[in-house]
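Take the sequence shown: its letter number 3 is residue 21 in our numbering, and every next letter is one higher. I have placed the structure first, in the form of structure tokens, so that the comments after it can refer back to it.
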Amino acid sequence: MKPAQKLIAGNWKMHGLRASVDELDAVIAKLPPGVDVSIHPPLTLLALFAERAGDAVIIGAQDVAPGAFGARTGDVSAAMLVDAGARAVIVGHSERRHYHCEACALIRTKAEAARAAGLLTILCVGESESERLAGEALAVIEAQLACALPRGPGPAIAVAYEPIWAVGTGVTPTMVEIAEVHAAIRRVVPVDTRILYGGSVKAANAAEILGVPNVDGALVGGASLVAAEFLAVIAAGARAAR
Ligand code: PEP
Numbered sequence: 019m020k021p022a023q024k025l026i027a028g029n030w031k032m033h034g035l036r037a038s039v040d041e042l043d044a045v046i047a048k049l050p051p052g053v054d055v056s057i058h059p060p061l062t063l064l065a066l067f068a069e070r071a072g073d074a075v076i077i078g079a080q081d082v083a084p085g086a087f088g089a090r091t092g093d094v095s096a097a098m099l100v101d102a103g104a105r106a107v108i109v110g111h112s113e114r115r116h117y118h119c120e121a122c123a124l125i126r127t128k129a130e131a132a133r134a135a136g137l138l139t140i141l142c143v144g145e146s147e148s149e150r151l152a153g154e155a156l157a158v159i160e161a162q163l164a165c166a167l168p169r170g171p172g173p174a175i176a177v178a179y180e181p182i183w184a185v186g187t188g189v190t191p192t193m194v195e196i197a198e199v200h201a202a203i204r205r206v207v208p209v210d211t212r213i214l215y216g217g218s219v220k221a222a223n224a225a226e227i228l229g230v231p232n233v234d235g236a237l238v239g240g241a242s243l244v245a246a247e248f249l250a251v252i253a254a255g256a257r258a259a260r
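Right, dumping it as structure tokens:
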């Protein structure tokens with residue numbers, strides 16, 4: 019069974035310096051019960067945030083290397099993330115696919131390495147604007163899942179539906195479109211999988227999006243950087259689970 023509580027995940031991308039720990043403290047100070055929260059700061063802040071957060075908030079990474087150790091300059095393995103205090107990781111984010119040319123076979127090996135290390139793995143999928151306009155959104159997402167979902171038994175993962183055209187743009191799909199994609203994802207993922215929506219989630223639209231069937235949480239970029247805005251999304255997640 020998937021957890022009843024929503025998961026609200028904050029992806030800080032390449033934002034944040036040590037002073038940003040104040041935002042983490044501000045989130046922890048006002049966390050409501052009944053919702054799971056993860057924050058994914060840049061790697062440089064991972065250990066600091068994990069120490070500060072304790073059990074209050076899950077601290078996670080934004081990417082992981084496949085494999086445990088080796089001659090991979092610049093890479094950080096799942097074992098290293100766990101050692102630094104991470105409990106979760108995002109894999110296959112559209113920005114990694116685009117800027118780092120990550121293909122789905124690599125994303126699957128990353129997801130499998132993360133899951134094997136005990137990290138809560140948030141696997142991102144989503145169509146481009148041209149794919150949606152061509153009526154190919156569901157087919158694209160199903161193909162991404164068929165290729166990138168980790169194989170074999172292991173702890174539950176989360177899948178984040180992130181239409182590329184909605185990430186960082188302020189534009190969101192209609193609730194009907196979100197419901198349609200989440201229902202399609204639900205049909206092909208294990209029952210214990212939480213399905214998050216990501217793409218321009220903010221305080222003003224979180225309640226509506228989190229009320230859509232099969233939306234088990236949100237992956238939040240820009241709106242997770244400021245504690246007050248992120249707390250409003252978290253509060254919507256807590257209310258939606260009741
Ligand atoms: C993201 O970074 O995964 C994301 C959804 O960004 P934003 O909320 O800014 O669209």
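For every residue, glycine included, the Cβ atom is placed at its ideal position computed from N, Cα and C.
Item                                                                                            : Value
DSSP bridge partner residues for ARG204 (one or two, in chain order)                            : None; ARG204 has no bridge partner.
Residues near LYS220 by beta carbon distance below 6 Å, same chain, minus five either side      : ALA241
Endpoints, the alpha helix (DSSP H) within which ALA224 is located                              : 221-228
Endpoints, beta strand (DSSP E) assigned at ASP54                                               : 53-58
Bridge partner(s) assigned by DSSP for ALA74                                                    : Paired residue(s): none; ALA74 is not in a bridge.
Heavy atom of the ligand PEP within 8 Å of CYS142 beta-carbon                                   : yes
Heavy atom of the ligand GDP within 8 Å of GLU180 beta-carbon                                   : For the ligand GDP, the structure offers nothing, since it holds only the ligand PEP.
SER95 versus ALA86: straight-line alpha-carbon distance, rounded                                : 5 Å
Straight-line Cα distance separating ALA89 from ARG259                                          : Correcting the residue type first, residue 259 is Ala in the shown sequence and not Arg. If I take the Cα positions, the gap works out to 45 Å.
Coarse secondary structure for ARG36, derived from DSSP in three states                         : helix
Cα-Cα separation, SER38 to CYS142                                                               : 25 Å
Residue span of the alpha helix (DSSP H) that contains ALA155, given as start and end           : 155-166
Simplified DSSP assignment, three categories, for ILE46                                         : helix
Reduced DSSP category for GLY10 - H, G, I as helix; E, B as strand; rest coil                   : In the structure as shown, the chain starts at 19 and stops at 260, and residue 10 therefore has no counterpart that could be examined.
Proximity test, ALA241 beta-carbon vs the ligand PEP heavy atom, cut-off 8 Å                    : yes
Sufficient close CB pairs (3 or more, under 8 Å) joining the region 102-112 to the region 21-39 : yes
Burial state of THR187, where buried means 16 or more other Cβ atoms lie within 10 Å            : exposed
Same chain only: Cβ atoms within 6 Å of SER146, ignoring 5 sequence neighbours per side         : ILE182
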